[in-house]
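What follows is a short report on a single structure.
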Amino acid sequence: MEEKKRDQIAGLLIGQGFLLVLILIGMLIAGSHATRVYAASINVDDQGTDSPTCGSPDTPCRTIPYALANRVVAGDTIFVWAGTFTETITLRAGVIISGAGTADTFIDGEGVRGPMVTATGSTIDPSTVLRGVTVRGGTATNGGGIYIADAASPLIENCEVSGNVATSSGGGLYVFQTNALTLRDTVVMSNTAARQGGGMYQTYVGGSRLDLFGGRFENNETTENNGGGLWIFGTVAMTGTEFINNRAAYRGGGFYQTGSTGRAEVTGALLEGNTANTFFGGGLGVEGTAVLSA
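Start counting the sequence shown at 9; every next residue gets the next number (our numbering).
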């Protein structure tokens with residue numbers, strides 16, 4: 009009996025030891041695949057240096073693309089210091105890019121490159137944010153400043169999009185095959201497109217939706233077609249947005265809404281000094297339903 013009992017105890021200890029080893033191995037395996045669960049802040053300065061360890065306030069990265077590709081995951085924020093960044097960037101899902109303000113942080117195409125900011129794919133949702141920067145001097149076929157496509161819907165807030173050129177549509181912003189987008193307190197100014205949407209162009213199969221909160225469209229122009237400030241196929245809903253001195257070659261100097269099932273929902277907006285050179289709608293041209301309120 010005693011010998012049998014000793015064998016049982018030994019077997020139990022061996023089993024427990026084996027179980028402990030399995031637990032430790034499991035923990036090591038899990039740890040090797042663990043992802044960071046806290047949000048990090050990565051700093052970018054045009055006087056910094058790109059490296060595998062850059063990003064602290066004392067050792068900032070040099071470029072936004074490097075930080076996006078190598079130093080962040082979803083949930084993180086890239087703080088872009090005051091300066092001029094002559095680089096094109098592609099937004100990353102769930103990452104916030106936050107500048108020092110539109111008077112201090114510039115993403116600049118210098119009139120020779122663009123789009124300056126690109127966002128594509130459905131993983132780019134409103135948790136992906138572009139904030140507090142000026143996007144300027146971009147040039148492209150569509151969307152000299154910002155190009156958004158393929159169901160991407162980042163949040164753009166407290167930005168300025170100015171002095172960009174599209175040889176086709178969407179001088180400042182071009183939004184294609186995206187059914188919803190929000191711009192908050194963003195200025196779209198002095199952009200030019202040959203065809204549609206000097207300031208901004210947005211469309212989606214079946215109709216798109218654009219929500220504007222505050223902000224201003226000013227001095228944008230189409231040289232050949234419609235929508236000096238904005239052209240949209242679908243619904244645009246705006247609250248307190250200003251359209252000032254925009255020009256269209258044909259229709260909708262301030263903005264042009266097309267698509268018979270779409271709407272223009274305008275609350276507390278200002279339309280001033282806009283012109284349509286050939287047809288109707290100096291201030292606005294609407295093919296769907298217009299709902300205007302103070």
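For each residue, glycine too, the CB sits at the ideal point set by N, CA and C.
These numbers were taken from a predicted model, which means no experiment stands behind them.
Residue i vs residue j beta-carbon contact at 9 Å
| i | j | result |
| --- | --- | --- |
| Y223 | N282 | Correcting the residue type first, residue 223 is Gly in the shown sequence and not Tyr. Going by C-beta atoms, G223 is not nearer than 9 Å to N282. |
| A160 | Y182 | no |
| T92 | T126 | no |
| F221 | T249 | yes |
| G102 | V88 | no |
| T275 | A256 | no |
| G262 | N254 | yes |
| Q185 | Y155 | no |
| N234 | G270 | no |
| R70 | D54 | yes |
| D219 | L191 | yes |
| T142 | T113 | yes |
Local Cβ density within 10 Å of residue i, reported as buried at 16 or more and exposed below that
| i | result |
| --- | --- |
| V52 | buried |
| G146 | buried |
| G2 | The question about residue 2 has no answer, for the chain in this structure spans 9 to 302. |
| L278 | exposed |
| S59 | exposed |
| E118 | exposed |
| E1 | The first residue shown for the chain is 9 and the last is 302, placing residue 1 beyond what the model contains. |
| S301 | exposed |
| T57 | exposed |
| P123 | buried |
| A111 | exposed |
Residue i, DSSP secondary structure in three states
| i | result |
| --- | --- |
| A212 | Note that residue 212 is Tyr in the sequence shown, not Ala. Note: Y212 maps to coil in three-state DSSP. |
| R259 | coil |
| V141 | coil |
| M246 | strand |
| S301 | strand |
| Q204 | coil |
| A148 | strand |
| D219 | strand |
| E295 | coil |
| D4 | Any answer about residue 4 is impossible in this case: the structure gives the chain only from 9 up to 302. |
| A272 | strand |
| I132 | coil |
| T286 | coil |
| A159 | coil |
| G119 | strand |
| F26 | Because the pLDDT of F26 is 38, which lies under 50, any placement of that residue in the model is unreliable, and the number read from its coordinates should be weighed accordingly. Correct three-state label for F26: helix. |
| E165 | strand |
| A127 | strand |
Chain B within 9 Å of residue i, Cβ atoms only
| i | result |
| --- | --- |
| G281 | Looking at the structure shown, chain B is missing, and only one protein chain is on hand. |
Assumed close pair residue i, residue j - CB separation to whole angstroms, cut-off 8 Å
| i | j | result |
| --- | --- | --- |
| Q265 | V299 | That belief does not hold up - the Cβ atoms of Q265 and V299 are roughly 11 Å apart, past 8 Å. |
| L76 | R100 | 5 Å |
| N172 | G140 | Rounded, the Cβ-Cβ distance is 18 Å, inconsistent with contact. |
| I252 | E280 | 5 Å |
| M197 | N150 | Actually they do not touch by this definition, with Cβ atoms about 19 Å apart. |
| W239 | Y258 | About 11 Å separates the two Cβ atoms, so there is no contact after all. |
| G153 | G180 | 5 Å |
Which complete alpha helix (DSSP H) runs does the region 48-105 hold, if anything under 4 residues is left out? 72-78
Exercise. Which whole runs of the beta strand (DSSP E) in the region 169-200 are 3 residues long or more, in chain order?
Worked result: 181-184, 188-192 and 195-197
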